[in-house]
Amino acid sequence: MQEIPWGKETLGALDTPLNELEKKALQNLDVDKLNDMAECLFALNNRHYGPIPGTYMVMCIEPNKTWCVGQLSADRAKPFVLFPDLVFNSVKEATEAAEALKAEKAEGVPCRNI
């Protein structure tokens with residue numbers, strides 16, 4: 001097993017406040033499972049915390065009504081960032097917006113060093 005570089009073994013949490021969509025999405029989720037997810041995302045992001053380049057997602061905000069574009073984040077307190085200005089009435093529109101955002105920023109999924 002490869003040794004983890006000094007200073008990169010700690011998964012932190014950003015102090016950015018949650019927006020209303022994120023508060024709503026996180027309110028009933030299991031904290032232990034969110035922590036496990038954050039640790040997996042931390043490993044995926046080469047042991048850096050914060051938003052992961054190229055990992056855009058679509059989250060259902062209201063069942064069968066509204067969907068929001070977000071980005072996965074290696075962060076214990078905020079495992080995803082939801083964009084309040086990218087809310088749509090269909091999953092297709094939201095998916096297209098997420099793909100367009102990824103293409104616009106020219107981001108790929110991070111290359112793993114491990």
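Counted from 1, the sequence shown has number 83 at position 83 by this note's numbering; the numbering is strictly sequential.
Yeah, the Cβ is synthetic: ideal placement off N, Cα and C, and Gly gets one too.
Where do the N-terminal and C-terminal ends of the beta strand (DSSP E) with residue i fall, by residue?
i, result
"A74", "T66 to A74"
"T55", "G50 to E62"
Out of the options, state which residue places its alpha-carbon closest to the alpha-carbon of residue i.
i, options, result
"K92", "K102, L29, V58 and P84", "V58"
"G50", "E99, A38 and N64", "A38"
"N64", "T16, N89, C40 and T95", "N89"
"E20", "P84, L29, L44 and K105", "P84"
Enumerate in chain order the residues of its own chain whose CB-to-CB distance from residue i is below 8 Å, with the five nearest sequence positions on each side excluded.
i, result
"L34", "L26, R76 and P79"
"E22", "K78, F80, V81 and L82"
"E99", "Y56"
Which stretch, first to last residue, makes up the alpha helix (DSSP H) that contains residue i?
i, result
"L29", "Premise fails: L29 is in no alpha helix (DSSP H) and is neither H nor E."
Quick one: what's got a C-beta closer than 6 Å to residue i's C-beta in the same chain, skipping five residues either side?
i, result
"A97", "V69 and L86"
"I61", "C68"
"E107", "P53 and G54"
"L101", "Y56"
If you reduce the DSSP assignment to three classes, tell me which class residue i lands in.
i, result
"W85", "It is worth fixing the name first, because residue 85 is Asp in this sequence and not Trp. If DSSP states are grouped into helix, strand and coil, D85 belongs with the strands."
"E107", "coil"
"D36", "helix"
Given that a residue counts as buried once 16 or more other Cβ atoms are within 10 Å of its Cβ, and exposed if not, what is residue i?
i, result
"V31", "exposed"
"L72", "buried"
"A94", "buried"
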